[in-house]
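Input: a single structure, listed below in structure tokens.
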Amino acid sequence: MGGGVGVLDIIDIMADLYPYAGPGHWNDAEMLEVGNGGMSRDEYITHFSMWCMLATPLMAGNDLRKMDVETKEILTNKEVISVNQDKLGEQARRFMDMGEKEIWAKPLDNGELAVCFLNRTEDVWNLNYDWHKQTIYFADQINIHKKEYLIRDLWKHQNIGTTKEPTRCMIAPHGVLMVRLSLKK
């Protein structure tokens, strides 16, 4: 994805910088390349999703005056932006690295959690994620074994299940599934 130092290279650089990010001191992953050409729609969504997970400043690098509808839809997704702007201010951490498939997690305010399943491969990822076998755990704030969470797909703008059942979907090559987990009431 991208030429030179690409999106995935920057994500790798940012992965270990999470201890240095927080309110008043953000790690800068450089400007967004969404809408500048050279990437597919799925790659643009991945790029924007990961920048939001990394809590990096969101600076559009495209010509805003000539932005097409698709680019505008990506750059103005309020649900994804809310992950970036969450007041807890934590940067996502790479929770699981399975080579070319990764799971990133970002604690959010009010005991919520953003999770991004990142597919670096050229193939579709047939995701079948059992929330109880591979638990994402952040101290007492989030514990999927003790509580049930609603899962919301932030790009489809819909709830897709709960953590009681495995999450199953197909993730496009160089694509993501970005979800927000909130306590089921």
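Take the sequence shown: its position 173, counted from the start at 1, is 1034 in the working numbering, and no numbers get skipped.
By construction, the Cβ of each residue, glycine as well, lies at the ideal position given by its N, Cα and C atoms.
Unbroken alpha helix (DSSP H) run spanning residue i, endpoints
i	result
Ala876	868-876
Thr1024	Counting along the chain, Thr1024 falls outside any alpha helix (DSSP H), and DSSP gives it neither H nor E.
Leu1044	Looking at the DSSP string, Leu1044 is not in any alpha helix (DSSP H); the run it does join, the beta strand (DSSP E), is 1037-1044.
Asn945	939-945
Glu931	930-936
Start-to-end residues for the beta strand (DSSP E) that takes in residue i
i	result
Ile906	Premise fails: Ile906 lies in the alpha helix (DSSP H), 902-914, not in any beta strand (DSSP E).
Ile1012	1010-1014
Asp924	First-last for Asp924: undefined, no H or E at that position.
Met957	954-958
Candidates the options, of which the one nearest residue i by Cα
i	options	result
Tyr905	Asn888, Trp887, Val868, Met875	Val868
Glu963	Asp991, Trp992, Asp889, Thr982	Thr982
Glu973	Lys1046, Met911, Glu891, Met928	Lys1046
His1006	Arg1013, Glu931, Gly899, Lys994	Lys994
Pro884	Pro918, Gly899, Arg1013, Phe978	Pro918
Ile871	Gln946, Trp912, Met900	Trp912
Gly818	Asn971, Thr996, Trp986, Leu1011	Residue numbering for the chain in the displayed model covers 862 to 1046; residue 818 lies beyond these limits and cannot be assessed.
Ile942	Ala916, Ala890, Asn971, Gly1036	Ala916
Thr1023	Arg955, Tyr1010, Pro1034	Tyr1010
Leu1015	Glu1026, Val976, Arg902, His886	Val976
Ala890	Met914, Gly899, Met900	Met914
Asp991	Arg955, Glu931, Cys1030, Phe909	Cys1030
Asp947	Asp924, Arg926, Met920, Asn971	Asn971
Ser910	Asn945, Met900, Glu1026	Asn945
Ser901	Lys927, Thr932, Asn888, Ile874	Thr932
Gly1036	Asp984, Lys1025, Met957, Thr907	Thr907
Integer Cβ distance of residue i from residue j, believed to fall under 8 Å
i	j	result
Lys1008	Leu969	About 15 Å; that fails the 8 Å criterion.
Leu979	Thr1028	Not quite, the Cβ-Cβ distance comes to about 14 Å (not below 8 Å), so this is no contact.
Ala966	Ile997	5 Å
Asp903	Ala1033	4 Å
Next item on the list: For the segment 878-886 and the segment 895-903, state whether three or more C-beta atom pairs, one from each stretch, are separated by less than 8 Å.
Entry: The segment 878-886 makes no contact with the segment 895-903, as fewer than three CB pairs between them are under 8 Å.
Next item on the list: Can you check the segment 967-998 for any beta strand (DSSP E) of at least 3 residues that lies completely inside it and give the ranges in chain order?
Entry: Here the runs fully enclosed are 974-980, 986-990.
Margin query: Under 8 Å, with one C-beta from each stretch per pair, do the segment 1011-1027 and the segment 948-956 reach the 3-pair mark?
Written below: Flag = no, the segment 1011-1027 and the segment 948-956 do not touch.
Checklist line | Cβ contact check for the segment 1035-1044 and the segment 927-937: 3 or more pairs under 8 Å | finding: Counting Cβ pairs under 8 Å, fewer than three are found: no touch.
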